[in-house]
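Per full-length UniProt numbering, the very first residue in the sequence shown carries number 1; after that it's consecutive.
No residue lacks a Cβ here, since even glycine has one placed at the ideal position from N, Cα and C.
Note that the structure is a prediction, hence the values are computed from the model and not measured.
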Amino acid sequence: MPLKTYWLEHAWLGTHVEPGVALEVSEDGRIAGLATGVHAPPRAAEALRGLTLPGLANAHSHAFHRALRSLVQVGSGTFWTWREFMYQVAQNLTPDTYFALARAVYAEMALAGITNVGEFHYLHHAPGGTPYADPNAMGEALIEAAAAAGIRITLLDTAYLSAGFGQEPSAHQRRFSDGTADAWAERVSALRPREHALIGAAVHSVRAVPVGQLATVARWADEQQAPLHVHLSEQTAENEACQAAHGCTPTELLAEHGVLGARTTGVHNTHLTDLDIGLLGGTGTGTCMCPTTERDLADGIGPARRLQQAGSPLSLGSDSHAVIDLLEEARAMELNERLSSRTRGHWTANALLTAATADGHAALGLPDAGRLERGALADFTTIALDSVRTAGPLPRLGAETAVFAASAADVRHTVVGGRHLVRDGVHTLVPDVPAALAESIAAVRG
Ligand SMILES: [Zn+2]
């Protein structure tokens with residue numbers, strides 16, 4: 001007997017939109033059955049009107065950056081001046097304040113149809129670098145925050161050991177550092193996965209992990225068969241510093257030290273050579289693009305289309321949370337490429353939704369999520385097709401409507417593990433998400 005049946009008025013099945021789908025959920029929160037051609041809700045089924053997509057995967061997040069929204073839009077500057085604001089907020093975070101902030105941010109994600117977040121987490125210790133009584137108190141706060149907001153998390157615990165090539169961490173960065181990659185590995189090994197949480201690894205960047213210690217992080221991820229993420233060539237200054245220190249690009253350095261591979265995802269992958277693209281594609285290393293952050297921070301437009309053609313799967317993240325809207329991230333991929341190439345049609349809506357769903361979850365170590373098929377995790381989200389933004393197009397164009405016209409405001413339902421988490425636009429665990437955001441941000445703004 002299925003635990004529950006949902007009736008989907010329209011469902012995106014990876015290649016097309018199917019009208020009238022009955023989806024059965026098993027006791028263990030997976031899709032037990034999927035019947036098409038069901039043109040009215042069966043008795044006892046819960047009807048989800050609109051277009052149901054697999055749950056969206058937010059493959060790159062720093063939850064605390066949400067506190068910078070709007071604040072960093074005043075004035076001018078560069079990525080590096082933005083980073084100074086970010087460090088000020090980071091100073092005010094404790095396990096308690098970070099739990100409250102992340103719970104609100106992850107609730108905002110659930111309202112945007114996100115069912116799984118990759119949290120690139122490097123705020124490990126107390127200000128000054130002293131470990132908390134539980135050295136993983138901050139990571140645990142994030143895992144608990146995801147549970148409180150009802151979504152899944154892959155905690156990408158990040159090695160961040162130096163300020164730059166051959167430089168000790170700055171005063172602000174001391175709380176990020178475990179001292180050595182071996183100490184990082186020892187701390188991370190104490191974290192345990194839960195039903196809603198996986199533990200993965202990250203190299204903050206080639207700037208932040210000394211070259212002799214990159215292999216230690218890669219080895220830990222290999223032993224655990226865990227996802228491994230790395231910020232890669234977001235800024236040209238990083239490439240120049242890497243060339244000066246090691247005579248090669250960041251991608252070449254990572255390749256040489258065993259960091260690339262099918263479980264690895266490079267985040268941003270913006271300023272690359274042809275050789276870099278070949279190395280990333282040839283090793284099956286993923287590419288996570290965060291276009292709303294990349295345009296916000298004036299990073300540039302990465303060669304995502306060429307990377308994907310070379311063999312690098314594409315995933316998407318909201319990163320600094322300038323906005324939290326995976327549909328906007330998907331749309332921006334194609335529209336950036338149109339602006340830079342002055343031609344249209346680089347990705348189909350189906351391809352962009354695959355990046356936002358199946359390929360995003362796979363990058364976070366969940367290959368059995370992000371698809372509406374028997375056996376997959378019962379994680380999905382429903383977008384209104386009758387809002388002021390989405391009314392008009394035929395339902396069979398639902399994928400195009402979702403990517404090119406809808407926004408996070410059109411999300412009506414989010415279901416995680418079969419549980420109805422967002423119902424008619426209301427979060428069932430965090431009833432007032434705006435208030436939770438306002439209070440938790442006020443507490444850390446300083
Ligand atoms: Zn990032």
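Residue i: CB within 7 angstroms of a non-hydrogen atom of ligand 1
i: residue 299; result: no
i: residue 267; result: yes
i: residue 157; result: no
i: residue 319; result: yes
i: residue 231; result: yes
i: residue 120; result: yes
Residue i and residue j closer than 8 angstroms at C-beta
i: residue 159; j: residue 365; result: no
i: residue 58; j: residue 326; result: yes
i: residue 46; j: residue 7; result: yes
i: residue 112; j: residue 408; result: yes
i: residue 161; j: residue 145; result: no
i: residue 36; j: residue 382; result: no
i: residue 163; j: residue 123; result: no
i: residue 379; j: residue 430; result: no
i: residue 129; j: residue 371; result: no
i: residue 215; j: residue 172; result: no
i: residue 254; j: residue 206; result: yes
i: residue 266; j: residue 286; result: yes
i: residue 157; j: residue 202; result: yes
i: residue 271; j: residue 233; result: yes
i: residue 357; j: residue 54; result: yes
i: residue 418; j: residue 25; result: yes
i: residue 169; j: residue 138; result: no
i: residue 21; j: residue 399; result: no
i: residue 423; j: residue 410; result: no
i: residue 9; j: residue 68; result: no
i: residue 165; j: residue 245; result: yes
i: residue 115; j: residue 151; result: yes
i: residue 153; j: residue 186; result: no
i: residue 217; j: residue 211; result: no
i: residue 515; j: residue 133; result: Nothing in the structure corresponds to residue 515, since the chain is present only between 1 and 446.
Spatial distance of residue i from residue j (CA atoms)
i: residue 414; j: residue 300; result: 33 angstroms
i: residue 349; j: residue 334; result: 9 angstroms
i: residue 142; j: residue 224; result: 20 angstroms
i: residue 428; j: residue 108; result: 12 angstroms
i: residue 87; j: residue 155; result: 21 angstroms
i: residue 65; j: residue 220; result: 27 angstroms
i: residue 135; j: residue 33; result: 43 angstroms
i: residue 377; j: residue 3; result: 14 angstroms
i: residue 61; j: residue 315; result: 12 angstroms
i: residue 363; j: residue 352; result: 15 angstroms
i: residue 338; j: residue 304; result: 12 angstroms
i: residue 282; j: residue 273; result: 14 angstroms
i: residue 298; j: residue 229; result: 22 angstroms
i: residue 84; j: residue 42; result: 56 angstroms
i: residue 99; j: residue 92; result: 13 angstroms
i: residue 465; j: residue 269; result: Only positions 1 to 446 of the chain appear in this structure, which leaves residue 465 out of reach.
i: residue 437; j: residue 322; result: 14 angstroms
i: residue 396; j: residue 12; result: 9 angstroms
i: residue 344; j: residue 291; result: 17 angstroms
i: residue 30; j: residue 375; result: 6 angstroms
i: residue 401; j: residue 412; result: 15 angstroms
i: residue 264; j: residue 40; result: 44 angstroms
i: residue 296; j: residue 420; result: 33 angstroms
i: residue 451; j: residue 260; result: Only positions 1 to 446 of the chain appear in this structure, which leaves residue 451 out of reach.
i: residue 103; j: residue 313; result: 29 angstroms
i: residue 222; j: residue 442; result: 40 angstroms
i: residue 149; j: residue 248; result: 43 angstroms
i: residue 392; j: residue 386; result: 8 angstroms
Any non-hydrogen atom of ligand 3 closer than 7 angstroms to residue i Cβ
i: residue 60; result: In the structure on display, ligand 3 does not appear, and the ligands it does have are ligand 1.
Beta bridge counterpart(s) of residue i as assigned by DSSP
i: residue 200; result: 156
i: residue 289; result: 316
i: residue 61; result: 119, 319
i: residue 164; result: 167
i: residue 443; result: Beta-bridge pairing links residue 443 to no other residue.
i: residue 10; result: 19, 51
i: residue 24; result: 5, 33
**OP:** At 4 residues or longer, and completely inside the segment 373-439: list those alpha helix (DSSP H) runs for me, N to C.
**Re:** 398-404
Subject >> Ordered list of beta strand (DSSP E) runs contained in the segment 224-273, each at least 3 residues >> reply: Listed in chain order, they are 228-232, 264-268.
Original post:
Where in the segment 328-381 do unbroken runs of the alpha helix (DSSP H), each at least 4 residues long, occur, reported from the N-terminal end onward?
Top reply: Counting only runs of 4 or more, we get 349-356, 358-363.
**OP:** Could you pull out every unbroken alpha helix (DSSP H) segment of at least 4 residues lying fully inside the segment 29-59, listed in chain order?
**Re:** Within the segment 29-59, complete alpha helix (DSSP H) segments of at least 4 residues are not found at all.
Original post:
At which residue ranges does the segment 76-134 contain complete alpha helix (DSSP H) runs of 4 or more residues, listed in the order of the chain?
Top reply: 79-91, 95-111
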